[in-house]
Amino acid sequence: MAITLSKLKKMHQDNSKIVCLTAYDASFAHWVAEAGVEVILVGDSLGMVVQGHATTLPVTLDEMVYHTQMVQRGNQQAWCIADLPFMSDTTVEQTLQSAARLMKEGGANMVKLEGGERVLKAVAALSALGIPVCGHLGLLPQSVEKYGYKVQGRDDASAQRLISEAKSLESAGAEMLVLECVPASLAKSITEQLAIPVIGIGSGKDTSGQVLVLNDMLGITVGSSPKFSKNFMAQSDSIQQALANYVSEVKSEQFPAEMHLVG
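Quick note on this note's numbering: the sequence shown kicks off at 1 and runs consecutively.
Right under this line is the structure:
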């Protein structure tokens, strides 16, 4: 049975963990969904793990549409979120046009965009047109040149700002939120204060669910993987078994463990 936004919201309300994973092509999307992953994220992380770039910034909208198309050919039941890539959401009008392409051409169920106050008008406009939106706060890969790869929300002022931005995104119409690399206690507080699902990555275990980059959890990332990740292939006989173990450990709250905290 296909995963719907209503089901994901009910899972959040029932404290039933949501499992999310990235995918970038049809074959992996098939096996990710078969393993019981409820949400597939076609992330602009593909710029690093598929294309070999140092950051996500070079990824184009055309490439995001292309990879979303491939994922949706292989995906039979998971909810599919597609990233709006760098500089594809600089104005409300551009954001609407970019989202339309990801939905109409790519076949995405939802679009994700990074930032807080900057994107509120765009989120409201997308929501008014019936386009499901996922926000993204904390570490923002598209702003890495300015802020770097580091934990966000460690001090009281920045923590309060993230809480305020999360609430504002929800009020503007966001139906889901990704929190990347924020302290576990802050992620827990934000999750408890929102009525929408909060998906964590490097943000502790008390969010509505977890997401990892597929290549990281399979241990095939070139170079070092993030501290918050785990190589699920290390004790698995196959990719399918590694995916099943990831689903099981998120559901049972074995992952993430203390060793996967980032701050």
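For glycine and all other residues, C-beta sits at the position ideal for the given N, C-alpha and C.
Query, Result
"For a quick check, are the C-beta atoms of residue 230 and residue 206 less than 7 angstroms apart?", "no"
"Residue 191 lies in the beta strand (DSSP E); which residues open and close that run?", "First-last for residue 191: 184–193, but that is the alpha helix (DSSP H), not the beta strand (DSSP E)."
"With DSSP as the reference, label residue 112 as helix, strand or coil.", "strand"
"Residue 92: which of 181, 168 and 118 sits nearest, CA to CA?", "118"
"Given a cut-off of 7 angstroms on the beta-carbon distance, is the pair residue 197 and residue 40 in contact?", "no"
"Report the CB separation of residue 140 from residue 95 in whole angstroms; it is logged as a contact under 8 angstroms.", "Residue 140 to residue 95, Cβ: 16 angstroms. No contact."
"Identify every residue that forms a DSSP beta bridge with residue 3.", "Residue 3 pairs with nothing; no bridge assigned."
"What's the gap between the Cα of residue 165 and the Cα of residue 134?", "13 angstroms"
"Would you say residue 57 faces chain D, with C-beta separation under 7 angstroms as the test?", "The structure shown contains no chain D; it holds only a single protein chain."
"Closest to residue 8 by C-alpha separation, out of 67, 81, 61 and 43, would be which residue?", "81"
"Do you know whose CA, among 88, 42 and 184, lies nearest residue 200's CA?", "184"
"By the DSSP assignment, the beta strand (DSSP E) with residue 217 in it spans what residues?", "Looking at the DSSP string, residue 217 is not in any beta strand (DSSP E); the run it does join, the alpha helix (DSSP H), is 214–217."
"Contact defined as beta carbons within less than 8 angstroms: I believe residue 172 pairs with residue 111. What is the distance between those atoms, to the nearest angstrom?", "About 14 angstroms separates the two Cβ atoms, so there is no contact after all."
"Pull up the CB-CB distance for residue 74 and residue 26, whole angstroms please, since I reckon it's below 8 angstroms.", "3 angstroms"
"Pull up the distance between the alpha-carbon of residue 63 and that of residue 90, whole angstroms please.", "18 angstroms"
"Could you spell out the range, first to last residue, of the alpha helix (DSSP H) harbouring residue 123?", "120–128"
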